[in-house]
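Shown next, in structure tokens, is the structure this report addresses.
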Amino acid sequence: MFSIFRTIVMRDLTLAMRRRSDVLTTLFFFVIVVSLFPLGIGPELDTLRMIAPGVFWVAALLASMLALEKLFAVDYEDGTLEQMLLTPQPVFVLVLGKVFAHWLVTGLPLVLLAPLLGVQYDLSAETLWVMVLSLLVGTPALSLVGAIGAALTLGLRGGGVLVSLLVLPLYIPVLIFGAGAVEASASGLGETGHLFMLGAILLLALVAAPLATAAALRISAE
Amino acid sequence: MSPRQINWFKYSSPSTFYPLAGRLIPWFWMITVVLIAIGLYLSFFVAPTDYKQGEGYRIIFIHVPAAWMSMFIYLVMAFWAAMGLVFNTRLSAMMVQALAPTGAMFTFLALWTGAFWGKPMWGTWWVWDARLTSELILFFLYIGFIALQGAIDDARRADRAGAILLLVGVVNIPIIYFSVKWWNTLHQGASVSLKSGSSMASIMLVTMLIMALGCWAYSIAVALTRVRSIILEREHDSQWVSQLPEVRL
Numbered sequence: 001m002f003s004i005f006r007t008i009v010m011r012d013l014t015l016a017m018r019r020r021s022d023v024l025t026t027l028f029f030f031v032i033v034v035s036l037f038p039l040g041i042g043p044e045l046d047t048l049r050m051i052a053p054g055v056f057w058v059a060a061l062l063a064s065m066l067a068l069e070k071l072f073a074v075d076y077e078d079g080t081l082e083q084m085l086l087t088p089q090p091v092f093v094l095v096l097g098k099v100f101a102h103w104l105v106t107g108l109p110l111v112l113l114a115p116l117l118g119v120q121y122d123l124s125a126e127t128l129w130v131m132v133l134s135l136l137v138g139t140p141a142l143s144l145v146g147a148i149g150a151a152l153t154l155g156l157r158g159g160g161v162l163v164s165l166l167v168l169p170l171y172i173p174v175l176i177f178g179a180g181a182v183e184a185s186a187s188g189l190g191e192t193g194h195l196f197m198l199g200a201i202l203l204l205a206l207v208a209a210p211l212a213t214a215a216a217l218r219i220s221a222e
Numbered sequence: 001m002s003p004r005q006i007n008w009f010k011y012s013s014p015s016t017f018y019p020l021a022g023r024l025i026p027w028f029w030m031i032t033v034v035l036i037a038i039g040l041y042l043s044f045f046v047a048p049t050d051y052k053q054g055e056g057y058r059i060i061f062i063h064v065p066a067a068w069m070s071m072f073i074y075l076v077m078a079f080w081a082a083m084g085l086v087f088n089t090r091l092s093a094m095m096v097q098a099l100a101p102t103g104a105m106f107t108f109l110a111l112w113t114g115a116f117w118g119k120p121m122w123g124t125w126w127v128w129d130a131r132l133t134s135e136l137i138l139f140f141l142y143i144g145f146i147a148l149q150g151a152i153d154d155a156r157r158a159d160r161a162g163a164i165l166l167l168v169g170v171v172n173i174p175i176i177y178f179s180v181k182w183w184n185t186l187h188q189g190a191s192v193s194l195k196s197g198s199s200m201a202s203i204m205l206v207t208m209l210i211m212a213l214g215c216w217a218y219s220i221a222v223a224l225t226r227v228r229s230i231i232l233e234r235e236h237d238s239q240w241v242s243q244l245p246e247v248r249l
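The listed protein sequences derive, respectively, from chains A and B.
Residue 149 in this note's numbering sits at position 149 of the first sequence, and the numbers go up by one each step.
Residue 135 in this note's numbering sits at position 135 of the second sequence, and the numbers go up by one each step.
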């Protein structure tokens, strides 16, 4: 079962490497959105430090949502997805592999780049650490939950707008605890509680979301 | 098998449910009108003025029932969605579709009346408090469900995709219900609970329960009316529909 997981991950990573521009689009979207706020709000460092957690998390949410479109769509269009669903291997593992590869390509670079952008917002080193940690725990949960929406809207007209309507409400808990962790750390309240909640959300998503995604894929590919 | 055993699946077929719903609808409308009339009378003329909140508190007689219904209808929809997925019954999915607009309406009503109550009591229309936020998420979930159903042309796929979305969203219901306990929020705690009874005057409680039952009967009446239309729409090429007197005309 693990070899299936590895095969899927390697395949999707290879495909992503062949089409690098797709990967970079998401990353630069994140960079640009985060950089727009100081231009719109003004360069006072006190204000920036205050809004930084929210801005980073909302930008991460939107970037993750934009990337969802690519998760299953290409495989769906050329029929690969149907063949994958026909294989005797569990769809759960297939979904998990695809989501993991997707996160490696769209989520992880964003996590790694966040501290660099955080310096623009004059965040302290400690707050930057918490931000990276919260994004590291939170973004996989976003990818997992988003996969459900991506699978449900496969091949629908106006799927891109629809997916935001379906997925964003489900993203809200991650946003609250993710931004909450960074904020709590910045104000000295201690971030552990929020991080544990994020971890709990991730675990729940890890168990439940692939099941729902697998069921949704079966319906969409019928 | 005893001869008196009821066949629960008899009414799971649209052709038998359609006339049954038609017979039930007037009754539920009657119950709705009577209960809402009594409830409104009690809430405006009989229930005493609250010593802390003044006359403004009277809005809870619609706010609390609406909030209850918003959560309850979602659970009922999720139940029928699960039934539809498991037993593959057509009627369950139609019921889900029929309930969605009413649920969204009650959620909106709960938020709206809450805002009206919040302005004089808290001095603000809206706070980003756990219960208010989770109720808002519930509203988005209803809208998302309706949008998903609308976007898929194939009715069968729409039903099943909607069912999965509903079942995923169920996570939100306990969060709304327990939010006043789990977080330290501005929204007051539950006034009615099974364990400790009610913290209100009994006439207020009775009024609120009558209003809640009225809203319940209203939801059933509206959902049944809507499900009849949906049945006619989806089964329009079947024989029994073409023989109905209202279709022949």
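Virtual Cβ for every residue (Gly too), placed ideally from N, Cα, C.
Query	Result
Proximity test, Cβ basis, 8 Å: Gly193 (chain A) and chain B	no
Where Asp50 (chain B) sits in the DSSP three-state scheme	strand
Straight-line gap, Pro115 (chain A) to Leu144 (chain A) (C-alpha atoms, nearest Å)	24 Å
Contact set between the segment 144 to 155 of chain B and chain A, restricted to residues whose Cβ is under 7 Å from the partner	Gly144, Ala147, Leu148, Ala151 and Ile152
Contact check, Val174 (chain A) vs Ala141 (chain A), beta carbons under 8 Å	yes
Near-chain B residues of the segment 134 to 158 of chain A - C-beta to any C-beta below 9 Å	Val145, Ile148, Gly149, Ala151, Leu152, Thr153, Leu156, Arg157 and Gly158
Pair within 8 Å by beta-carbon distance, Leu141 (chain B) and Ala161 (chain B)	no
Chain-ordered neighbours of Ala216 (chain A) on chain B, where CB pairs are closer than 8 Å	Ala161 and Ile164
Where Asp46 (chain A) falls: helix, strand or coil (DSSP)	helix
Environment of Thr80 (chain A) [buried if 16+ CB atoms lie within 10 Å]	exposed
Helix, strand or coil at Trp122 (chain B) according to DSSP, with G and I counted as helix	helix
Minimum Cβ-Cβ distance from Ala212 (chain A) to chain B less than 8 Å	yes
Inter-stretch contact (C-beta, 8 Å, three-pair minimum) for the segment 117 to 129 of chain B and the segment 154 to 170 of chain B	no
C-beta neighbour in chain A for Ile137 (chain B), strict 8 Å	yes
Phe108 (chain B) at chain A interface by Cβ criterion, 8 Å	no
Residue range of the alpha helix (DSSP H) that includes Glu55 (chain B)	Counting along the chain, Glu55 (chain B) falls outside any alpha helix (DSSP H), and DSSP gives it neither H nor E.
Beta-carbon neighbours of Val127 (chain B), restricted to chain A and to distances below 7 Å	Ordered by position in chain A, no residue passes the 7 Å Cβ test against Val127 (chain B), which lies about 14 Å from the chain.
Beta-carbon neighbours of Glu222 (chain A), restricted to chain E and to distances below 8 Å	Absent from the structure: chain E. Protein chains present are A and B.
Contact between the segment 49 to 63 of chain A and the segment 122 to 142 of chain A (3+ Cβ pairs under 8 Å)	yes
Within 8 Å, strictly: CB atoms of Ala212 (chain A) and Val86 (chain B)	no
First and last residue of the uninterrupted alpha helix (DSSP H) at Arg11 (chain A)	Phe2 to Arg18
Separation of Ile41 (chain A) from Lys98 (chain A), as counted between CA atoms	38 Å
Beta-carbon proximity list for Pro101 (chain B), same chain, < 8 Å, skipping 5 on both sides	Ile146 and Arg226
Local Cβ density within 10 Å of Asn172 (chain B), reported as buried at 16 or more and exposed below that	buried
Candidates A:Val132, A:Leu170 and A:Leu94: closest to Met65 (chain A) by CA position	A:Leu170
Cα-Cα separation, Glu246 (chain B) to Pro26 (chain B)	17 Å
Cβ-based burial, Gly188 (chain A) [other Cβ within 10 Å; buried from 16]	exposed
Contact with chain B by Leu162 (chain A), beta-carbon distance below 8 Å	yes
Beta-carbon contacts of His194 (chain A) that lie in its chain and below 8 Å, excluding the five residues immediately before and after	Ser134, Phe177, Gly178, Gly180, Ala181 and Ala184
Unbroken alpha helix (DSSP H) run spanning Ala212 (chain B), endpoints	Ser202 to Arg234
Assigned secondary structure, Gln89 (chain A) (DSSP; H/G/I helix, E/B strand, else coil)	coil
C-beta contact flag for Thr113 (chain B) and Ile62 (chain B) at 8 Å	yes
Selected residue, minimal CA-CA separation from Arg19 (chain A), among A:Leu203, A:Thr106, A:Pro38 and A:Ser35	A:Thr106
Reference Val31 (chain A), options A:Ala16, A:Ala59 and A:Asp12, closest by Cα	A:Ala59
Distance CB(Arg218 (chain A))-CB(Leu112 (chain A)) smaller than 8 Å	no
7 Å Cβ shell around Met197 (chain A) - same chain, five flanking residues per side excluded	Phe177
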